[in-house]
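Residue numbers (UniProt numbering), protein chains in the order written: chain A, 1 to 240; chain B, 1 to 240; chain C, 1 to 240; chain D, 1 to 240; chain E, 1 to 240; chain F, 1 to 240. The C-beta atom is built at its ideal place from N, Cα and C for all residues, glycine as well. Just so we're clear, the structure is a prediction, and the values are computed from it rather than from any experiment.
There are 6 protein chains.
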Amino acid sequence: MRPSGRQTDEMRTVSLETGVTKYAEGSCMARFGDTHVLCTASIETRVPPWLRGKGSGWVTAEYGMLPRSTSERMNREAARGKQSGRTQEIQRLIGRSLRAVTDLKAMGEIQITVDCDVIQADGGTRTASITGAYVALFMAFEKLVKTGALKSIPITDQVAAVSCGLYKGAAVLDLDYIEDSDAEADTNFVLTASGGIVEVQGTAEDKPFTQEQFMELMRLARLGVDELCLAQRAVLSQNI
Amino acid sequence: MRPSGRQTDEMRTVSLETGVTKYAEGSCMARFGDTHVLCTASIETRVPPWLRGKGSGWVTAEYGMLPRSTSERMNREAARGKQSGRTQEIQRLIGRSLRAVTDLKAMGEIQITVDCDVIQADGGTRTASITGAYVALFMAFEKLVKTGALKSIPITDQVAAVSCGLYKGAAVLDLDYIEDSDAEADTNFVLTASGGIVEVQGTAEDKPFTQEQFMELMRLARLGVDELCLAQRAVLSQNI
Amino acid sequence: MRPSGRQTDEMRTVSLETGVTKYAEGSCMARFGDTHVLCTASIETRVPPWLRGKGSGWVTAEYGMLPRSTSERMNREAARGKQSGRTQEIQRLIGRSLRAVTDLKAMGEIQITVDCDVIQADGGTRTASITGAYVALFMAFEKLVKTGALKSIPITDQVAAVSCGLYKGAAVLDLDYIEDSDAEADTNFVLTASGGIVEVQGTAEDKPFTQEQFMELMRLARLGVDELCLAQRAVLSQNI
Amino acid sequence: MRPSGRQTDEMRTVSLETGVTKYAEGSCMARFGDTHVLCTASIETRVPPWLRGKGSGWVTAEYGMLPRSTSERMNREAARGKQSGRTQEIQRLIGRSLRAVTDLKAMGEIQITVDCDVIQADGGTRTASITGAYVALFMAFEKLVKTGALKSIPITDQVAAVSCGLYKGAAVLDLDYIEDSDAEADTNFVLTASGGIVEVQGTAEDKPFTQEQFMELMRLARLGVDELCLAQRAVLSQNI
Amino acid sequence: MRPSGRQTDEMRTVSLETGVTKYAEGSCMARFGDTHVLCTASIETRVPPWLRGKGSGWVTAEYGMLPRSTSERMNREAARGKQSGRTQEIQRLIGRSLRAVTDLKAMGEIQITVDCDVIQADGGTRTASITGAYVALFMAFEKLVKTGALKSIPITDQVAAVSCGLYKGAAVLDLDYIEDSDAEADTNFVLTASGGIVEVQGTAEDKPFTQEQFMELMRLARLGVDELCLAQRAVLSQNI
Amino acid sequence: MRPSGRQTDEMRTVSLETGVTKYAEGSCMARFGDTHVLCTASIETRVPPWLRGKGSGWVTAEYGMLPRSTSERMNREAARGKQSGRTQEIQRLIGRSLRAVTDLKAMGEIQITVDCDVIQADGGTRTASITGAYVALFMAFEKLVKTGALKSIPITDQVAAVSCGLYKGAAVLDLDYIEDSDAEADTNFVLTASGGIVEVQGTAEDKPFTQEQFMELMRLARLGVDELCLAQRAVLSQNI
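This is the structure:
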């Protein structure tokens, strides 16, 4: 029933490849099927003005899509001179998700910026971004531990994200672009390995959905995030 | 326990005052306690370029805050030369919420823009905006029915919104600013009178929350929205 | 002869309502007939860079119109990404008018920003803005006196503004929008209670006007400003 | 008493040099002492969107200052990415002044843009701009008459402008920069050869001024504009 | 003597990988050592306004760097709201280089935009961009030939680019970042397979260089471009 | 054969007029035939942030064209809100050219900005700008020597620029606009009096050109720059 032939509770093939760029303190190419997002974590020794001297660090994120990451070429945001509302919404979401599992006090007065750049888009770019951004962030902290700048990794839980939706009346896990374009409801769940909820976003595309449907979507998300957390741990070679 | 002395499931005093401006086709001053949002609906005969000739209409929203609607003066977005990510996020949310209960095909090739301008802010400006915007939109459609431009009001359900949050460990309804600043979780629910979910947004502020907590927040939201829908019907003097 | 039936030297109904917002140090809703402008004064402890350390304060103003304050919806300046030339011209005028009656040295190194936001427009928004801004500014200074931050109110005179114009050949006081759209000349006078001139702006709309006509417009303005100053004193409960 | 040694009613040396650029349909270098403004008139066959098909033309103006036209280098507006409020105010004033003496209907559906670029500034740049812009505009119309595109020059009166001010208590004509920086009042008068008033702008710099002072400033302006109109006629070799 | 141990006339390892994205009509990841540029060609059926109805097509390019493509994170141009002068200079250069070998008339009224996005930067991003962009463009034209939209590929010559510079007094081919930062002269040559010059850019970094030095740099460039053209032909599996 | 009747190796009439503005520390109106560029040098006591405290100065340039410097009126960059890619490219070129002959260490921690504003354009505005900017810069340094702020003029060589191109198959010196619009190749050479190369830019407009053609263009440029350097020395009344 799904265009891809997947089961309703089946993720696309997920791969998290680390060490994909030469310079970044942490990097991860997150692939959810044909959605590919390059996530790089950059350590900066300067925190935002409103945090200076407060003994706390900051984690933030930026998001962008290459103009031809999509089926039709989009305008380049740098050329248009501004980021769209959608871009800002997504990068704010990624930043909040990462901060929810980071002990900002423990990281000291530094800032880590995670850039999530979509190389190829086939639905679910924000959830792939969060999932890969966690890996890149973790690696940047590992580097700080190795250099002795930090005693331990100031991450309190493991976070990943997945989208679920109502497609032709059924709740399905990890929407690809074809499904997303035609879904009756589109939800994104940012969840932790230990079972917590970090962010929930649900939108009825055409007509309202019911609470029962929403609960089923959340159940699928739990399954998906568990799989993603496994993949994160595999690539980071460790349990937290 | 709440700074305002309210019960956990108690809304602030809500008032929806219509006809508050001379020119707009529909208008409503939505007050949730000290949060006051002026919502005006404007009918335009021109739809966005990508809808022209498709026989469908459009409903959209814009959101703004007066510089001194808040306790500290904010910079004026027009002077800064751009709308913040938060502003764009909120106006996109309002627009989606209204479209979810509008039959765009039935409204013909016109556009209705609902402006939500915050005169005074004390938490919950986006939910007050949606609740008041529905009233302004409904009134604009009524005007089109009265002039014979439409046969009936192309609204399929009644929509309203409320925020809920975890405050000092307890789930509470309709956060005011003091609670909002200190909440462990902040959620916004856009629900319909008939029981449907239009939008759900939940954010853990400090640490992840549980699914049980989330369900309790949704239960409170249902109570709040029912009250808001009553107020909408009272002021629109009719059931849909 | 005037569309409103007013005499040539008759103002619209003027009301100056104070205390209309919860947060601002001074606030006034200035109503000239159907023109309603919300004026709020905000005290900031930081002066512009070029004044720092000079022992002088600053008074400035910003102006905006809600998108549907007018008969046809206007574009939102924050969404367009810039303030129009007209907006900038008006806010510069308001700021100069207020500074002309303020002893900047005496106020110390603080800044007061008066925001004038047009809720509903029916001609004369800049003159209503100045008239209401004076009230809001005065109240903010009163608050500083009450808290002991200032010994006395550093205002040297009372200022108000009114428009006059040539309409169907006659000089008339306080143009409303219908008259304004069709006037042969449009003038704005910013005058003090003690008889001084702070700002004069006169524009021939169609063909030049004569010096005699200009003198008659100035005479009417004097009448109007006297009435406005009375209203200001009434609401501020005192003479300066 | 004046720093330049001029009498109170004495203009600086005025020169209006035409034909100063190779391409423009009309051009004039207007010099008021050390203030030099290059005015060029450009004929365009396209009117603004809101005038299309209405059988009327349009005259507009743009204003700019070279970065080192002033004693201290200013930032380049093109580099800063926006025109200042002052720039917009001045170019709107120039445009209105020219339109007040142009029969827009008679000029047909064309637009003439007059660019006023300040090469060197020593006070009075806006009044030199208007005075020179009139000459450039007239020449552009002459060219259209010569080519047969117009039957006659659609100018209804002659317009010029001068500033006057209160300097050390005395009313003086044509302020230079030193006087302008220290004036108690600054006024600009845009007047016609036939005695009409097109624009009046008066600003109290420090404290309000009186109506008597204002009348004296207007009397001086009349003297100055008469001299400027003579210079315009001399250079255009004709009376209107 | 070179930090990399290369000979003065030795290129870095070059690889041109095609088919690297799912959607673009032509794509090539161009790698010059650690410099990696993703080039995608997008066919659009709309030409720029000034070409409409003229029977000619257009080829243009855009260039960008991912924020962490460099050793220190750069600001994101989309977030800053404008493209730097350097970015604009480079994308104009790429566009001109491609147009110099394209028969715009023969391609019909379509536009091809080649996006060059730097994934990792180690010097020579503009020359890698041009070299890869040629491949992507060629592939897009091949696709148009396959679908029958074009009879033949409207490319008149093969184009590639390389940088050369004076490093510690010696002329060297294909500067990497370390050399580039410390070079006395930096030149970029865009040359064709048949021996022609498309673009030459030479800049003395510290002190002027001589004509003899320049000729030696050009000789090295010829060697480099010959190697690049071989690589292009190998990957496109054909001679032009 | 050239539209102007000039020989292939013949420059237009060149004039470098100094002292053309009242305020700038150095100024030069550079005229290459009908191309007129006003160059002004401004001394500022503040260097860019990245140079502060490093004991080095900075020389930079800005470039602009008056809207009607060209045959058709162009849009004003300040009104459009940004500088074009071409403008940025040119001003970066001028700045690099001046810095190549300036001893930045020797000038101390000051900045000199040279503004090049095109009053009238007939081809070759960037080369006239560089040639005149050198004169203005030199004069500014002379002023610093006269006031004792510098011991000697920190200029290491004399720099000038000229364009050459292939026009109807022949290499010609100093293209005017008609030639430029129709040239097969367009090159700009920035050379020093002592024979060095500072910048070379060559662009094939239609089809690639040969190395022999390029060498001939460079030979012509050498002739032209020698003539320009003579003119610079004549006006600066000295040899370096």
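Between residue i and the rest of its own chain, which residues show a CB-CB distance below 6 Å, the 5 nearest in sequence each way excluded?
i	result
B:R31	S15
F:E17	M29
C:D206	E184
E:L104	S56, G57
A:Q111	E44, V47, W58
E:K143	E25
B:G108	G57
Please look up how many angstroms separate the CB atoms of residue i and residue j, rounded, as I've assumed it's under 8 Å.
i	j	result
E:A79	A:Q232	About 27 Å; that fails the 8 Å criterion.
D:I197	C:T127	No, D:I197 and C:T127 are not in contact; Cβ-Cβ is about 20 Å, not under 8 Å.
F:A234	F:L137	F:A234 to F:L137, Cβ: 17 Å. No contact.
D:V101	D:Q158	7 Å
A:E179	A:P67	Not a contact, Cβ separation roughly 24 Å.
A:S129	A:C116	4 Å
B:E62	C:R76	5 Å
Residues of chain A with CB closer than 8 Å to the CB of residue i, please, in chain order.
i	result
B:G165	Chain A residues near B:G165: none, gap ~13 Å exceeds 8 Å.
B:T192	P208
Return the bridge partner residues of residue i from the DSSP annotation.
i	result
C:Y167	C:A170
B:A41	B:G26, B:V114
C:W58	C:Q111
D:R31	D:S15, D:H36
E:I155	E:T102
A:N188	A:S163, A:Q201
E:M215	Answer by DSSP bridge pairing: none, since E:M215 is not bridged.
E:Q120	E:H36
B:F209	A:I197
D:G85	None; D:G85 has no bridge partner.
E:M65	E:V118
For residue i, does the count of other Cβ atoms within 10 angstroms reach 16, so buried, or fall short, so exposed?
i	result
D:Q7	exposed
C:I94	buried
A:P208	buried
D:V200	buried
residue 245 of chain A	Chain A is shown only over 1 to 240; residue 245 of chain A falls outside these bounds and no answer can be derived.
A:E72	exposed
B:S237	exposed
B:A171	buried
B:L220	buried
Taking C-beta pairs closer than 9 Å, name the residues in chain D that residue i reaches, listed in chain order.
i	result
C:M218	Q211, F214
C:D157	K207, P208
How would you list, in chain order, the residues of chain B whose beta-carbon sits under 7 Å from the beta-carbon of residue i?
i	result
A:G202	I197, E199, V200
List, in chain order, every chain B residue whose beta-carbon is nearer than 9 Å to that of residue i.
i	result
A:P154	Result: empty, since nearest Cβ-Cβ is about 14 Å, beyond 9 Å.
For residue i, which residues of its own chain have a beta-carbon under 8 Å away from its beta-carbon, when the five flanking residues on both sides are left out?
i	result
D:A204	E184, A185
Excluding sequence positions up to five away, which residues of its chain have a Cβ less than 7 Å from the Cβ of residue i?
i	result
A:G224	M11, V162, L173, D174
E:Q120	D34, T35, H36, S69
Practice problem: Using a Cβ-Cβ cut-off of less than 7 Å, list which residues of the UniProt domain "Exoribonuclease phosphorolytic" (10-140) of chain C approach chain H; keep chain order. | Solution: In the structure shown, chain H cannot be found, because the protein chains are A, B, C, D, E and F.
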